[in-house]
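For what it's worth, numbering that gives the first Met the number 0 labels the leading residue of the sequence shown as 0, then goes sequentially.
Down below is the structure, laid out as structure tokens.
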Amino acid sequence: MDRLYTLATIAHKLSASNRGRLVSEDTVMSWVRNGSLQAERVPPNKRGYGRYPYLVEEAHLVKVLNDKGYDSSLIVSNT
């Protein structure tokens with residue numbers, strides 16, 4: 000099964016790993032809105048997913064990050 004990432008987690012890990020290149024949750028959400036990042040909305044009865052309750056599959060995230068010029072190996076786990 001593919002690992003899932005929240006938009007908050009993606010933004011946090013990208014900001015921490017890209018030496019001063021801040022990536023906000025709003026930026027990641029804009030990728031979802033413009034269609035470059037596919038995400039599934041978390042059901043409204045679940046909490047704790049940050050400002051934007053969406054989940055992204057790891058395989059798709061890796062592809063999108065590589066296309067955008069980010070080093071996805073710093074984001075996704077190898078386990």
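Glycine residues also receive a C-beta, built at the ideal position from the N, C-alpha and C atoms.
By the neighbour-count criterion, in which 16 or more other beta carbons inside 10 Å mark a residue as buried, L73 falls on the exposed side.
Taking 8 Å as the cut-off, the beta carbon of V55 is found closer than this to the beta carbon of A38. Distances from the alpha-carbon of E57 to those of A15, N33, V75 put V75 closest. Distances from the alpha-carbon of M28 to those of R46, S16, T8, R2 put T8 closest. With respect to Y51, E24 sits close: the two C-beta atoms are nearer than 8 Å.
Between the C-alpha atoms of R46 and G68 there is a straight-line separation of about 31 Å. Under DSSP, V55 takes part in a beta bridge, and its partners are Y4.
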